[in-house]
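Counting from 23, one number per residue, gives the positions in the sequence shown under our numbering. The beta-carbon is built from N, C-alpha and C at its ideal position, and this holds for glycine as well. Treat the numbers as computed from the prediction; the structure is a model and nothing was measured. Below: one structure, written as structure tokens.
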Amino acid sequence: MVKVDLNSDLGESFGRYTLGEQKEILKYVTSANIACGFHAGDPSVMRETVQLAIDNGVRIGAHPGLPDLVGFGRRDMNITPEEAYDMVVYQIGALQAFLAVHQEPMQHVKPHGALYQMASRDQGIAEAIAKAVYDVSPSLVLFALADSELSKAGEAIGLVTAHEVFADRTYQSNGMLTSRSQDDAMITDQDQSAAQVIMMVKEGKVHSQQGTDVALRADTICIHGDGEHAVEFAKYITDRLNGEEITVTAIADREGSV
Numbered sequence: 023m024v025k026v027d028l029n030s031d032l033g034e035s036f037g038r039y040t041l042g043e044q045k046e047i048l049k050y051v052t053s054a055n056i057a058c059g060f061h062a063g064d065p066s067v068m069r070e071t072v073q074l075a076i077d078n079g080v081r082i083g084a085h086p087g088l089p090d091l092v093g094f095g096r097r098d099m100n101i102t103p104e105e106a107y108d109m110v111v112y113q114i115g116a117l118q119a120f121l122a123v124h125q126e127p128m129q130h131v132k133p134h135g136a137l138y139q140m141a142s143r144d145q146g147i148a149e150a151i152a153k154a155v156y157d158v159s160p161s162l163v164l165f166a167l168a169d170s171e172l173s174k175a176g177e178a179i180g181l182v183t184a185h186e187v188f189a190d191r192t193y194q195s196n197g198m199l200t201s202r203s204q205d206d207a208m209i210t211d212q213d214q215s216a217a218q219v220i221m222m223v224k225e226g227k228v229h230s231q232q233g234t235d236v237a238l239r240a241d242t243i244c245i246h247g248d249g250e251h252a253v254e255f256a257k258y259i260t261d262r263l264n265g266e267e268i269t270v271t272a273i274a275d276r277e278g279s280v
């Protein structure tokens, strides 16, 4: 039986500003990536999101980003591997405290935005992030772009590494995501998105923008929680996966993990 995890980036509101419909999204996903205050989120939002995830039986992971609230962590910064290490350890620790209140385990860590993209292509940043996760707890799962520098670094250091694919993003022929600065970066058509997801999960490949097929591994699928129709999108993808007899389940709830 084919199994896949469905994750979403949550807890990205800040103060009086609300982003996304996470109460509804949590009805469909199996893993929640919770912002830790650097690119989005704040202590109250973190506490509330942790409680919502627990109430819905959704596994929880840290979603560390660059310290860039204005740019939502989606702008590159010139950081050293040591700085990347410190940022990730710090943010994991912040979320771990809220989980400790509920005696809830942390399942995974998934970098956010520009930090995720930098780690996908930069070996030094990737290795620093993987080491940060491992040093905090070797039992944590690392979510990384499929077949990227980050997934390689995670596997090399001994972490269970979940290769991540995206339901609503297009791909380049080198396996990287199309930059958000490009007009064709996002997939807004539900049928197109579902077809891409099913191909990635069942066939282990994706059609690139250059017209070539790129081989990849799909352990977890990201659905962004801040899209205009994110809830409808999540429900549709879940229904299509079920229709293809693909079981949606969290990484930690699988026998033998990934």
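Handout entry: Pair within 9 Å by beta-carbon distance, Gln129 and Ala272
Key = yes
Problem - Through-space distance from Asp64 to Arg239, alpha-carbon basis - result: 33 Å
Exercise for the section: Provide the residue(s) that pair with Tyr39 in DSSP beta bridges, ordered along the chain. Expected result: DSSP lists Phe36 as the bridge partner or partners of Tyr39.
Practice task
Taking Lys25 and Gly83 to be in contact with their CB atoms under 8 Å, please state how far apart those CB atoms are, rounded to whole angstroms.
Solution key: With 8 Å as the limit, Lys25 and Gly83 do not qualify as a contact, their Cβ atoms being about 18 Å apart.
Exercise for the section: With DSSP as the reference, label Ile56 as helix, strand or coil. Expected result: Looking at Ile56 - three-state DSSP - the assignment turns out to be strand.
Handout entry: Under the three-state DSSP convention, the category Gly87 falls into
Key = coil
Problem - Nonlocal neighbours in the same chain, by C-beta distance under 8 Å from Val51, ignoring five residues either side - result: Leu28, Asn29, Ser30, Val80, Ile245, Ala256
Handout entry: Coarse secondary structure for Ile268, derived from DSSP in three states
Key = strand
Handout entry: Under the three-state DSSP convention, the category Met128 falls into
Key = coil
Exercise for the section: Give the secondary structure of Lys224 by DSSP, where H, G and I count as helix, E and B as strand, and everything else as coil. Expected result: helix
Practice task
Just confirm the distance between the C-beta atoms of Ile268 and Val223, as a whole number of angstroms; I'd bet it's less than 8 Å.
Solution key: 6 Å
Exercise for the section: Express the C-alpha separation of Met221 and Gly265 in angstroms, rounding to a whole number. Expected result: 14 Å
Problem - Rounded straight-line distance, which links the Cα of Gly197 to that of Glu254 - result: Approximately 27 Å, taken between the alpha carbons.
Practice task
Return the first residue and the last residue of the beta strand (DSSP E) that His182 is part of.
Solution key: Just to set this straight, residue 182 is Val in the shown sequence, not His. Looking at the DSSP string, the run of the beta strand (DSSP E) that includes Val182 is 182-188.
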